[in-house]
Amino acid sequence: MANSNLTEAQRAKNDEFYTQYADIEKEISAYLEFNPDVFRGKTLLLPCDDPEWSNFTKYFAQNFERFGLKKLVSTSYAVESKKYKSGYQPTLFETRAPYYDDVKTVKNGKIFTLTHDRTGDRKVDVDDLEWQYLEGDGDFRSAEIKKMRDEADVIITNPPFSLFREFLAWILEAGKQFVIIGNMNAITYKEVFPLLKENKVWLGPSISSGDREFQVPDSYPINAAGWRIDENGTKFLRIKGVRWFTNLDHGRRHQPLPLMTMADNLKYSKHKEIKGKQSYDRYDNYDAIEVPFTDSIPSDYEGVMGVPISFLDKYSPDQFEIVGRCENEDLYHLKTKVYTSAECRQAYFDKFGEKGTYDMNSNGVLLVDGLFEKTYQRVFIKHRKAIK
Ligand SMILES: C[S@@+](CC[C@H](N)C(=O)[O-])C[C@H]1O[C@@H](n2cnc3c(N)ncnc32)[C@H](O)[C@@H]1O
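Take any residue in the sequence shown, note its place counting from 1, add 13, and you have its number in the numbering used here.
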């Protein structure tokens with residue numbers, strides 16, 4: 014399954030996934046649609062990139078003038094630091110440069126810069142990119158790349174999946190704007206969820222379901238479903254659960270979800286779990302109602318509601334407030350009950366008829382036909398405005 018590819022990727026620190034041009038274009042276009050000047054006069058840094066593979070550099074270089082950029086800087090990680098580096102061939106672009114150095118080309122990262130029309134063809138585009146070796150290997154944590162971060166206005170990339178938390182913290186400690194790709198699971202990281210709750214970070218608009226294809230190096234060992242090789246021999250892998258994370262505003266954040274009243278949901282919902290019930294279920298361990306589908310959020314409920322994590326794909330901060338999420342520790346002081354070990358063991362026995370423990374403290378719990386039932390991961394929300 015494509016999903017297990019990502020888990021595998023995280024475990025093995027396989028970080029060589031290259032983003033497709035069309036996916037970058039779709040996402041960035043949405044910010045421009047909301048604010049055509051979002052990049053005007055700005056310095057963009059594309060770290061953890063690799064212009065020989067990367068479409069981020071190509072996309073922003075091609076659109077340099079249209080976006081009104083001041084400067085584009087892209088840095089790559091040294092070939093020898095990469096896990097999948099076998100068969101590395103420097104490009105002609107690189108070997109033709111008078112300062113080409115076959116030791117440095119493996120040991121050092123590279124920096125690509127675009128500021129002006131270098132070729133004299135009266136346009137600024139990918140042909141005007143200049144490159145140099147970095148002093149170091151291009152690790153985003155190095156002092157050399159940190160300095161570039163500090164000089165940039167916006168940071169855009171698909172960072173190594175295995176270093177997502179560290180990468181996001183690295184951006185935020187410098188107070189920069191950003192658009193980066195990560196896994197949906199990052200929403201539940203203890204370092205990330207509070208940022209979503211406080212509206213300091215949110216999901217980008219262009220991916221809200223399905224999987225995405227990423228290019229992988231030729232030497233990448235693929236032994237699972239969800240991959241293909243195109244007519245040029247380029248390998249691609251489909252990855253599930255990817256999302257853009259950002260702090261740039263976009264239009265989807267300001268589109269309220271169309272909702273029905275609680276009474277209408279109970280009468281007309283398309284979900285059999287809701288239609289025909291007397292009321293929404295209430296959790297045994299939270300003072301909140303269980304809303305198993307985002308489209309079933311009642312428009313007229315004033316209290317706290319537990320909704321699926323995928324709600325964040327539709328979340329408008331104008332419409333809702335995020336108040337917390339189900340987790341073991343009661344970080345958001347929403348729990349009304351903490352189950353004892355004996356209760357967890359008893360719940361397991363009642364449910365499965367054998368010895369075990371049903372860890373109810375990490376989830377929302379419903380009482381269904383006299384048995385405790387854990388729900389999937391839930392985010393707790395409230396309507397922002399008082400309901401008339
Ligand atoms: C997921 S790939 C994405 C590449 C490119 N941004 C794209 O989307 O097409 C992440 C890249 O980060 C590089 N990388 C891994 N660890 C790094 C580090 N500590 N500092 C900088 N780059 C790193 C990997 O070698 C890889 O090229």
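Heads up, the beta-carbon is just placed ideally off N, CA and C, and yes, glycines get one too.
Are I322 and Q390 touching if we call contact CB-CB under 9 Å?
yes
Measuring from the CB of E93, is there a heavy atom of ligand 1 at a distance below 8 Å?
no
Which of the three DSSP states is assigned to N245 in this structure?
coil
Within 8 Å: the Cβ of N171 and any heavy atom of ligand 1?
yes
Whole angstroms is fine: what's the gap from S175's alpha carbon to K203's?
16 Å
Is it the case that the Cβ atoms of K368 and V378 are separated by a distance below 9 Å?
no
From D343, K348, M275, pick the residue whose C-alpha is nearest to that of D300; which is it?
K348
Could you tell me whether any non-hydrogen atom of ligand 1 is closer than 8 Å to the CB of V68?
The residue asked about is misnamed: residue 68 is Asn in this sequence, not Val. True, at least one ligand heavy atom lies under 8 Å from that Cβ.
In the structure shown, what three-state DSSP assignment does V214 receive?
coil
Can L250 be considered in contact with ligand 1, in the sense that its beta carbon sits closer than 8 Å to one or more heavy atoms?
no
For the region 278-360, which segments carrying the alpha helix (DSSP H) assignment without a break, of at least 4 residues, lie completely within its bounds, in sequence order?
none
According to DSSP, residues forming a beta bridge with F385
L380
Span of the alpha helix (DSSP H) around E38:
34-47
Taking only three categories from DSSP, how would you classify H396?
strand
Check whether the Cβ atoms of V92 and V119 lie closer than 9 Å to each other.
yes
Going by DSSP, what residues sit across from Y72 in a beta bridge?
BP columns for Y72 are empty, so no partner.
Rounded to the nearest angstrom, what separates K398 and A238 at their Cα positions?
46 Å
Tell me which same chain residues have a C-beta within less than 8 Å of the C-beta of N121, skipping the five on either side of it?
A91, Y146, L147, E148, G149, D150, G151
Cβ pair K213, G337 closer than 9 Å:
no
Select from A43, L45, W144, L85 the residue whose C-alpha is nearest the C-alpha of E65.
W144
Have a look at A22 and T32 and give me their C-alpha separation to the nearest angstrom.
Caution is warranted here: a pLDDT of 46 is assigned to A22, below 50, making its placement in the model unreliable, and the coordinate value is therefore given only provisionally. Spanning the two alpha carbons is a distance of roughly 15 Å.
Near P271, which residues of its chain fall below 7 Å by C-beta distance, leaving aside the five closest residues on each side in sequence?
none
Runs of beta strand (DSSP E) lying entirely within the region 179-209, each at least 3 residues, in chain order:
190-196
Select from F153, D163, E186, E164 the residue whose C-alpha is nearest the C-alpha of T170.
F153
Determine the direct distance from the alpha carbon of K136 to that of L58, and round the result to whole angstroms.
21 Å
In whole angstroms, what is the alpha-carbon distance linking G81 and Y101?
35 Å
Cβ-Cβ distance between K39 and S155 below 9 Å
no
With a threshold of 8 Å, establish whether the CB of K176 neighbours any heavy atom of ligand 1.
Residue identity differs from the one stated: residue 176 is Leu in this sequence, not Lys. Yes, the Cβ of L176 comes within 8 Å of a heavy atom of ligand 1.
Which partner residues does V255 have in the DSSP bridge list?
N196
Using 8 Å as the cut-off, can you tell me whether the region 232-246 makes contact with the region 48-58, which would need three or more C-beta pairs spanning the two stretches below that distance?
no
Following the continuous alpha helix (DSSP H) through D62, name the residue where it begins and the one where it ends.
Taken as a continuous stretch (DSSP letters only), D62 belongs to no alpha helix (DSSP H), being part of the beta strand (DSSP E) at 56-62.
Buried or exposed (CB count within 10 angstroms, at least 16 for buried), I184:
buried
For A22, the three-state DSSP class (helix, strand or coil):
Since pLDDT at A22 reaches only 46, below the 50 mark, its modelled position is unreliable, and the value read off the structure follows with that caveat. If DSSP states are grouped into helix, strand and coil, A22 belongs with the helices.
Please go through the same chain and pick out, in chain order, the residues whose beta-carbon is closer than 8 Å to the beta-carbon of D114, but skip the five residues on each side of it.
Y146
Where do the ends of the alpha helix (DSSP H) carrying T126 lie?
That residue, T126, is in no alpha helix (DSSP H); its beta strand (DSSP E) goes 123-127.
Spatial neighbours of K160 within its chain, please: C-beta separation below 6 Å, excluding the five flanking residues on both sides.
none
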